[in-house]
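Notes for the one structure printed next.
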Amino acid sequence: MNFKQIKELIELVDGTTISEVCIEQDELKVVIKTKHYHSGESSFSAPMIQQMPMAPAPVVPVAQPSAGATPSPAATDNSSADGASEVAADNLITVKSPMIGTFYRSPSPDKPPFIKIGDQVTPKSVLCIVEAMKLFNEIESEVSGKIVKILVDDASPVEYDQPLFLVQPD
Numbered sequence: 001m002n003f004k005q006i007k008e009l010i011e012l013v014d015g016t017t018i019s020e021v022c023i024e025q026d027e028l029k030v031v032i033k034t035k036h037y038h039s040g041e042s043s044f045s046a047p048m049i050q051q052m053p054m055a056p057a058p059v060v061p062v063a064q065p066s067a068g069a070t071p072s073p074a075a076t077d078n079s080s081a082d083g084a085s086e087v088a089a090d091n092l093i094t095v096k097s098p099m100i101g102t103f104y105r106s107p108s109p110d111k112p113p114f115i116k117i118g119d120q121v122t123p124k125s126v127l128c129i130v131e132a133m134k135l136f137n138e139i140e141s142e143v144s145g146k147i148v149k150i151l152v153d154d155a156s157p158v159e160y161d162q163p164l165f166l167v168q169p170d
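Residues 1 to 170 (the working numbering) are what the sequence shown spells out, left to right.
Right under this line is the structure:
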């Protein structure tokens, strides 16, 4: 989608009562929202546009110490909730955040979490939501396996590439 097409789409949406349009093509997602302002009998809308590349959650294997190496204290301390420590187990995969935002374990406060420790996941299973600029982005698994550890507290801010989950692959 080029700039001219986006401009035409904004003009088209601006001339209607549509409040939001979302278009996804290949690696591009375009969201156009309008705010409606009321002043007495007249009202007008001001279009806003958000354009962001679609990126899957990176999956990185967790480095394991060699058989003769002594593990560092950080590698064996599993009490930290900030994700700085790693579980000392073979063959774990780290699922990382593909963006900066706020991490949510469930679709809404009154709903159960997407996953819990011990749950089996498959590729395309929704693991969590990361909210960025009022957009709620579902983060999907790229591997099959069992959730071993959740490294982030619900409603916590996350950084790009921050570890979120440890998965033991099938």
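Glycine included, C-beta positions come from ideal geometry on N, C-alpha and C.
This structure is a prediction, so every number in the text was calculated from the model and none was measured.
- By the Cβ-count criterion, Tyr104 is buried, with 16 or more other Cβ atoms from all chains shown falling within 10 Å of its own Cβ.
- Sequence-distant Cβ neighbours of Pro113 in its own chain, meaning closer than 7 Å and more than five residues away, are Arg105, Ser106.
- With 16 or more other CB atoms across the displayed protein chains lying within 10 angstroms of its CB, Gln162 is buried.
- The three-state reading of DSSP puts Glu138 in strand, counting E and B together.
- Pairing Lys33 with Thr17, the inter-Cα distance amounts to about 11 Å.
- Taking all protein chains in view, the Cβ of Leu127 is crowded by 16 or more other Cβ atoms within 10 Å, so the residue is classified as buried.
- In this structure, Pro157 lies near Thr102, with their beta-carbon atoms less than 8 Å apart.
- Rounded to whole angstroms, the separation of the alpha carbons of Ile147 and Asp119 is 6 Å.
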